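Engineer: Just so you know, we're using the numbering used here here: the sequence shown kicks off at 1 and counts up by one.
We treat Cβ as the ideally placed atom computed from N, Cα and C, and that holds for glycine.
Quick caveat, the model's predicted, so the values are computed rather than measured.
Have a look at this one.
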Amino acid sequence: KVLKACEYIYKRGNTIDGSKVKDTLGEGSWVPTLNQFMQKLGPFGLDPFRMLVVDFMHECKLGTWKALLT
Numbered sequence: 001k002v003l004k005a006c007e008y009i010y011k012r013g014n015t016i017d018g019s020k021v022k023d024t025l026g027e028g029s030w031v032p033t034l035n036q037f038m039q040k041l042g043p044f045g046l047d048p049f050r051m052l053v054v055d056f057m058h059e060c061k062l063g064t065w066k067a068l069l070t
């Protein structure tokens, strides 16, 4: 996805926020930027969204945790 989006931007002259790039990247927080995770592990099917864990403590207010744990 990311490589295809970069191709649209750099080789075909589409804008970063254009419909062609957005449609290629699809849902999620994909951006047309390559990083080491995607370059090295992308060919093996790495999904970076699955490797990032949601921090549930930041999803609840402090008072909720205090009430739950005391």
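Does DSSP put I16 in a helix, in a strand, or in coil?
Structural biologist: For the purposes of this step, residue 16 is identified with residue 16 of the sequence shown, where counting begins at 1. Of the three classes helix, strand and coil, the one that applies to I16 here is coil, per DSSP.
Engineer: Can you name the start and end residues of the alpha helix (DSSP H) that F37 belongs to?
Structural biologist: Here residue 37 is taken as the residue at index 37 of the sequence shown, counted from 1. Looking at the DSSP string, the run of the alpha helix (DSSP H) that includes F37 is Q36 to L41.
Engineer: So, for L25: in the same chain, excluding its five sequence neighbours on each side, which residues have a beta-carbon less than 6 Å away from its beta-carbon?
Structural biologist: For the purposes of this step, residue 25 is taken as residue 25 along the sequence shown, with counting starting at 1. Here the set comprises K1 and A5.
Engineer: In terms of residues, what are the limits of the alpha helix (DSSP H) holding W65?
Structural biologist: In the sequence shown, counting from the first residue as 1, residue 65 sits at position 65. That run of the alpha helix (DSSP H) goes L62 to L69.
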